[in-house]
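Each residue of the sequence shown is one higher than the last, beginning at 278 in our numbering.
Idealized CB from N, CA, C, for every residue including glycine.
Beneath this line is the structure, given in C-alpha cells, with notes to follow.
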Amino acid sequence: NNNNNNNNKRVKNVDEHALKKASIEPGWYNPAEPKDYKNKNKLRDYQTIGVNWMILKFLRGENFILADEMGLGKTVQSVCFLLHLQQECNIHGPYLIVAPLSTIPNWKREMEEWSDFNVVVYHDSEKSQESRAIIREHEWYNHSTGQIKFNVLLTTYEIVLSDAEYLAEIPWFLAVIDEGHRLKSTQTKLADAFKYIKPDRRVLLTGTPIQNSVQELFNLLSFLEPSKFLSYDAFSKKIGTNVDDSEKLMKLREEIQPFVLRRLKETVEKSIPKKEETIIDIELTTTQKTYYRAIFEKNREFLEEGITSKTSLPNLLNLEVQLRNHPLLINGAMEHELPEHLSEQVIMEKTIKASGKLVLLDKLLPKLKEEGHKVLIFSQMRRMLEIVSDYMKYKQYTFERFDGMTKSLDRQAAIDRFCAKNSNVFAFLLTTRAGGQGLNLVAADTVIIFDSDWNPQQDLQAQARCHRIGQMKEVKVFRFVTKNTYEADMFDRASRKLGLGHAILKSVEHGTGTKDLKDLKVLDNMLRHGAYALLEEDDTAAKKFEESNIDEILKHSSRKLEMKSSIKKKRLSENGDEEEDEEEEEEEDDDHEDGQPNGHSSQIGVGLGIHAFTRSSFTADANDSSLNMNDTDFW
Numbered sequence: 278n279n280n281n282n283n284n285n286k287r288v289k290n291v292d293e294h295a296l297k298k299a300s301i302e303p304g305w306y307n308p309a310e311p312k313d314y315k316n317k318n319k320l321r322d323y324q325t326i327g328v329n330w331m332i333l334k335f336l337r338g339e340n341f342i343l344a345d346e347m348g349l350g351k352t353v354q355s356v357c358f359l360l361h362l363q364q365e366c367n368i369h370g371p372y373l374i375v376a377p378l379s380t381i382p383n384w385k386r387e388m389e390e391w392s393d394f395n396v397v398v399y400h401d402s403e404k405s406q407e408s409r410a411i412i413r414e415h416e417w418y419n420h421s422t423g424q425i426k427f428n429v430l431l432t433t434y435e436i437v438l439s440d441a442e443y444l445a446e447i448p449w450f451l452a453v454i455d456e457g458h459r460l461k462s463t464q465t466k467l468a469d470a471f472k473y474i475k476p477d478r479r480v481l482l483t484g485t486p487i488q489n490s491v492q493e494l495f496n497l498l499s500f501l502e503p504s505k506f507l508s509y510d511a512f513s514k515k516i517g518t519n520v521d522d523s524e525k526l527m528k529l530r531e532e533i534q535p536f537v538l539r540r541l542k543e544t545v546e547k548s549i550p551k552k553e554e555t556i557i558d559i560e561l562t563t564t565q566k567t568y569y570r571a572i573f574e575k576n577r578e579f580l581e582e583g584i585t586s587k588t589s590l591p592n593l594l595n596l597e598v599q600l601r602n603h604p605l606l607i608n609g610a611m612e613h614e615l616p617e618h619l620s621e622q623v624i625m626e627k628t629i630k631a632s633g634k635l636v637l638l639d640k641l642l643p644k645l646k647e648e649g650h651k652v653l654i655f656s657q658m659r660r661m662l663e664i665v666s667d668y669m670k671y672k673q674y675t676f677e678r679f680d681g682m683t684k685s686l687d688r689q690a691a692i693d694r695f696c697a698k699n700s701n702v703f704a705f706l707l708t709t710r711a712g713g714q715g716l717n718l719v720a721a722d723t724v725i726i727f728d729s730d731w732n733p734q735q736d737l738q739a740q741a742r743c744h745r746i747g748q749m750k751e752v753k754v755f756r757f758v759t760k761n762t763y764e765a766d767m768f769d770r771a772s773r774k775l776g777l778g779h780a781i782l783k784s785v786e787h788g789t790g791t792k793d794l795k796d797l798k799v800l801d802n803m804l805r806h807g808a809y810a811l812l813e814e815d816d817t818a819a820k821k822f823e824e825s826n827i828d829e830i831l832k833h834s835s836r837k838l839e840m841k842s843s844i845k846k847k848r849l850s851e852n853g854d855e856e857e858d859e860e861e862e863e864e865e866d867d868d869h870e871d872g873q874p875n876g877h878s879s880q881i882g883v884g885l886g887i888h889a890f891t892r893s894s895f896t897a898d899a900n901d902s903s904l905n906m907n908d909t910d911f912w
C-alpha cells in the first residue's frame, strides 16, 4: 500500500526536472538510434516518437489518446511506454489493460515478446465466476505480504462489467483502454464501471476516435480529463454547434490537439503498400426485384400514411437489408425458391443467380484465386456468411470462418491456419464487428465488403486487418453496394460521417496543422460532402452521357479512367514534427485497349495519398455469359 501511495503522489505532481531535461534534449529515445528491447526488438522511428510523446504527457500529469491509424503498432508503443515507467520511473504497476476479446492473445504475445512483465490474463473461455475466483485467489496477491503479484492485468470489456467490484479493490496506477472508442457515449456501462475502478491515470488507444459526431470525441476527452471537459454545451459554444467548415475545424483542433497523437500510414510508414478501394454499384436481380415489389406492395399503406407503429419501420428495414444481400435470408423464401427435390447443383446455381452480390462474387473469386490472392470477406450477418460458406464449399474453395459466436481458442486456430507460411487457405469469412478489430491478417491482400456497416469506421477497421505493418503487397478492397436501395443511401450518409472524421483527424495529425488554402478547400469538401465526394463525379458523367452524341460516347466510354494523384512524402524530424520532401507523382497509365466498351460496367477513379478509390457499376444478367473479368474496362 505504501508503494501505491508513493506512486500516486509521483504521478499527480509534474516532474519538473524531467521536463526541463526534455526541453533541452530531443527526447528520451532517439529515433535515429532505436533502443534494443527484449529479443533485440527495435521500434520504428515514428513509434519511438510516439513513446516519447506518451512519456511527456505522463510527466505533465496529462491523460491522452494515442490515435494512430489502424495498423501502426499502438499496442507495441504502449508496452514500451509501460516499460519506461518501470525501468526509468521505478513504477511497476499495477497496470490494467482492457481490450476486445479477439485482441487478448495479441496483447499477451506482444507483452512476452517485448518485456518481462508479470502478466495475468483475467479471462476464461467459459466465462465462469468460479474460474475467475481461482485467478483472484492465486494470481492477484501474495497472501503473506499483501503485495500485488502482477505488473499487468489483461482483461476484456465484458469482464470489467461483470467484475467491476473486484477490480475496484486494486489501486490501479494506470489503465489502458484499447479500442477506446467504446467509450464514445457517456451512457455506456463501461464508462460507468470506471467510475468505480478509478485508475489514477488513463490512456485510450483508438484508430477511430471519431465515428459519427464531434460529441463522441468530446466524450472520450471528458473520460480522460473530466475537469477540463465538463460540458458538451460549453464545448460546442466555443467551436459552433456543427463543424461544417475549415474555420470551425481549426477551432476544434486547438481544443483537442494537446490530448491526441495521430499519425497516418501514408506519412510515417512507407513500407505499407497502397490500398485501392473499388466501390461497385450492383443492380438487383430479377428474383430480388420480385421480392422487393412484394414487400413494398404489402407495406404500401404503411409507407403512404407514415410511421404509425414503433416496430413497423425497423421490421421493414430489416427485410430490406436481408433482401439486398440475398432473398433466401427472408423467412419463407428458402422453401419457395428451393424445393426439396432439387439436386445440390441446381440449388447452388439458383442460390447464386438469386443475388446480384453473389453473382458478382462468383465472377470475382475465380480471378482472385487464379492470380494467387488471399481474400477476407466481411458481412454484417452471420446468416449471410452461412450462404457464402455453402457457396465456397460448392466451389471447393478452401476457407476459414469466424463470427461473434466462435470461441476464443477456435478463433486463434483459424487465424493460425490462414496465416501459416505455406497455407493453402484461400479465403477468410468474418462478421465485420467480430473480425474487424485487433486482428493481424496480413497474409491476405484483398478485402471484400459484402455489405457495409452503418458506421463507416467499422469497415475501415475491417480493411486494416490486412492493410498494416507487415503487408508486402498492394491491398485491393471491393465494396458491394446495391443501387437504388437503402444501402446506397446509407453508404452516402456513412461517407459524410467518414468525411467529418477524416477532416477533424487530418487537422490534428501530428505536425501537419495546415493552413494552406488548397488543403483547407479539401477539408471543406470532406466536411460538406463526405470522404467519397470526389467519386460523385459519376453522376455528372451519367448526365453528360445522356446529352452526348454517339461519337462522343464511343470516344469517352471505351477507356479506363484513372486520376493522377500528387503525394507529398513526409518524414518525421527528431522533435516529432513532419517535414516535407520533394513531391512525387504517381504514374498514370493512359494505355487502354481499343474496341467497344463493356455495357455492364462504368468506372471513375481517384487517388488520395496511398489510398486510391474507384467507383464501378455492375448488372447481374443471367442471360449474358460474356462478362469478362479480365476486360481492362471492367473495373
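In whole angstroms, give me the CA-to-CA distance for residue i and residue j.
i, j, result
"N699", "E543", "30 Å"
"Y399", "N383", "15 Å"
"R479", "Q492", "19 Å"
"F500", "W731", "25 Å"
"L482", "I624", "47 Å"
"Y763", "S729", "11 Å"
"F515", "R570", "It should be pointed out that residue 515 corresponds to Lys in this sequence rather than to Phe. The straight-line gap from Cα to Cα measures roughly 49 Å."
"H361", "K634", "51 Å"
"D667", "S632", "14 Å"
"V375", "E389", "17 Å"
"D558", "T709", "20 Å"
"E531", "V537", "11 Å"
"W449", "L373", "7 Å"
"I438", "P550", "Looking at the sequence itself, residue 438 is Leu, so the reference to Ile does not match. The straight-line gap from Cα to Cα measures roughly 39 Å."
"L336", "M527", "27 Å"
"I487", "L541", "15 Å"
"P503", "I692", "40 Å"
"E306", "K334", "Note on residue identity: the sequence assigns Tyr, not Glu, to residue 306. Whole-angstrom Cα-Cα distance: 15 Å."
"M331", "W417", "28 Å"
"V429", "D393", "11 Å"
"N595", "H603", "12 Å"
"R386", "R770", "38 Å"
"D687", "L605", "28 Å"
"T563", "N608", "19 Å"
"Q354", "L619", "57 Å"
"M669", "N701", "14 Å"
Tell me whether residue i sits in a helix, a strand or coil according to DSSP, three-state version.
i, result
"L637", "helix"
"R337", "coil"
"F427", "coil"
"Y314", "coil"
"L373", "strand"
"S355", "helix"
"R321", "coil"
"F450", "coil"
"E554", "strand"
"S757", "Just to set this straight, residue 757 is Phe in the shown sequence, not Ser. The answer is strand: DSSP assigns F757 an E or B state."
"T380", "helix"
Ignore the nearest five residues each way along the sequence and tell me which others in residue i's own chain have a CB closer than 7 Å to its CB.
i, result
"F495", "F506, Y509 and F512"
"D440", "R409"
"Y443", "R413"
"C743", "L653, L718, V719, A721, D722, V724 and V752"
Is the Cβ of residue i closer than 8 Å to any Cβ of chain B?
i, result
"F427", "The question asks about chain B, but that chain is absent: this structure has only one protein chain."
Taking 6 Å as the limit between beta carbons, can you name the residues of its chain near residue i, skipping five residues before and five after?
i, result
"G484", "E346 and M347"
"E597", "Y763"
"D680", "R659, T708 and A711"
"F341", "K334 and F536"
"Q622", "none"
Can we count residue i as close to the ligand MN, meaning its CB is less than 7 Å from some heavy atom?
i, result
"L494", "The ligand MN is not part of the structure shown, which contains no ligands of any sort."
My guess is that residue i and residue j are in contact by the Cβ rule of under 8 Å, so how many angstroms apart are they, rounded?
i, j, result
"C696", "L718", "7 Å"
"E647", "K627", "That belief does not hold up - the Cβ atoms of E647 and K627 are roughly 26 Å apart, past 8 Å."
"T314", "C357", "The residue you asked about is not Thr; residue 314 is Tyr in the sequence shown. The Cβ separation is near 7 Å, so the contact holds."
"A452", "Y473", "Actually they are not in contact, since the Cβ atoms of A452 and Y473 sit about 12 Å apart, beyond 8 Å."
Using a Cβ-Cβ cutoff of less than 8 Å, which residues in the same chain neighbour residue i once the five nearest sequence positions on both sides are dropped?
i, result
"R459", "Y434, T465 and L467"
"S462", "A468, E493 and N496"
"V758", "I556, I557, D558, I559, S729, E764, A765 and F768"
"E310", "none"
inquiry  = Which complete alpha helix (DSSP H) runs does the region 686-753 hold, if anything under 4 residues is left out?
reply    = 709-712 and 733-740
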